[in-house]
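*Asks:*
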Amino acid sequence: MTIFFITGNNDKLREVQALIPDVQHIDLDLPEIQEVDPYRIIAAKLEGARTCRSGAFLVEDTSLALDGMGGLPGPLAKWFVKAIGVDGIYALSKTFGARATARTIIGYADENGEVRFFEGSLRGRLVPPRGTHGFDWDAIFQPDGSEKTLAEMSQQEKNQCSMRRLAVASLQQYLKQEEKETI
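In structure tokens, the structure reads:
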């Protein structure tokens, strides 16, 4: 079965394909609702994808939630980066506290449109920007137990610990179980 990953972000595509090499890319310009609930964002993306094409789809949403800001910027992190940059998000952490959760939620819709969600999260803290790898806020997020930010890690190091890897691992486990049940 072919699974299509819908994203316009080549960095996310590379990370997912490093974990699931058979995933095929589709670059659809899906509207992204602005919402603090990532599950609603993902469900809307999957619904939009089904109007454009048939098949099994993956979409994902990655968020950065500061404990002291009630979970913001959350799924709006991309817009925070565009508006105030990673330096601005780090500055917020100096006021509201540096503890944060990085979270990826993958939405999977099978050929029949049944939707499932898979989540991976990392606890950590925000630090002054360091590193040149990665994207968005990777330079300011340092996972617990690591001396490096996500942007200081090689792709292989990041794929060993990232919230995206955890979400993909849950998806892979589900797909293997589904495959067993259809045999």
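Residues in the sequence shown are numbered from 1 upward in steps of one, following my numbering.
Glycine included, C-beta positions come from ideal geometry on N, C-alpha and C.
Note down, in chain order, each residue of its chain lying with its Cβ closer than 7 Å to the Cβ of residue 63, except the 5 sequence neighbours on either side.
*Replies:* Numbered from its first residue, the sequence shown carries residue 63 at position 63. Closer than 7 Å at Cβ, skipping near neighbours: 38, 74, 75, 77, 103.
*Asks:* Does the beta-carbon distance from residue 65 to residue 115 come in below 8 Å?
*Replies:* Reading the sequence shown from its first residue, position 65 is the one you call residue 65. Reading the sequence shown from its first residue, position 115 is the one you call residue 115. Not closer than 8 Å, so no.
*Asks:* Go to residue 85, then tell me how far its alpha helix (DSSP H) extends in each direction, as first and last residue.
*Replies:* Here residue 85 corresponds to residue number 85 of the sequence shown, with the count starting at 1. DSSP places residue 85 in the uninterrupted alpha helix (DSSP H) bounded by 77-96.
*Asks:* Determine the contact status of residue 140 and residue 84, defining contact as a CB-CB distance below 8 Å.
*Replies:* By 1-based counting over the sequence shown, the position of residue 140 is 140. By 1-based counting over the sequence shown, the position of residue 84 is 84. Taking 8 Å as the cut-off, the Cβ atoms of residue 140 and residue 84 do not count as close.
*Asks:* Closest to residue 47 by CA distance: which of 110, 70, 1, 20 is it?
*Replies:* In the sequence shown, counting from the first residue as 1, residue 47 sits at position 47. The shortest Cα separation from residue 47 among 110, 70, 1, 20 belongs to 110.
*Asks:* Taking residue 82 as the reference, which of 166, 135, 53 has the closest Cα?
*Replies:* The residue given as residue 82 occupies position 82 in the sequence shown. The candidate whose alpha carbon is nearest that of residue 82 is 135.
*Asks:* Which residue's Cα is closest to the Cα of residue 99: 138, 142, 108?
*Replies:* Residue mapping note: residue 99 aligns to position 99 of the sequence shown, counting from 1. Considering only alpha carbons, the answer is 142.
*Asks:* Pairing CB atoms from the region 2-9 with CB atoms from the region 155-169, are three or more of them under 8 Å?
*Replies:* no
*Asks:* Starting from the N-terminal side, write out each stretch of the beta strand (DSSP E) that is 3 residues or longer and does not extend beyond the region 89-160.
*Replies:* Runs of the beta strand (DSSP E) lying entirely within the region 89-160, each at least 3 residues long, are 99-109, 115-126, 141-143 in chain order.
*Asks:* If contacts are defined as beta-carbon pairs under 8 Å, then residue 1 and residue 91 qualify, I think. What distance do you get, rounded to the angstrom?
*Replies:* For this step, residue 1 is matched to residue 1 along the sequence shown. For this step, residue 91 is matched to residue 91 along the sequence shown. Actually they are not in contact, since the Cβ atoms of residue 1 and residue 91 sit about 46 Å apart, beyond 8 Å.
*Asks:* So, are the CB atoms of residue 164 and residue 131 less than 8 Å apart?
*Replies:* In the sequence shown, the residue the question calls residue 164 occupies position 164. In the sequence shown, the residue the question calls residue 131 occupies position 131. No, the pair does not count as a contact, with Cβ atoms beyond the cut-off.
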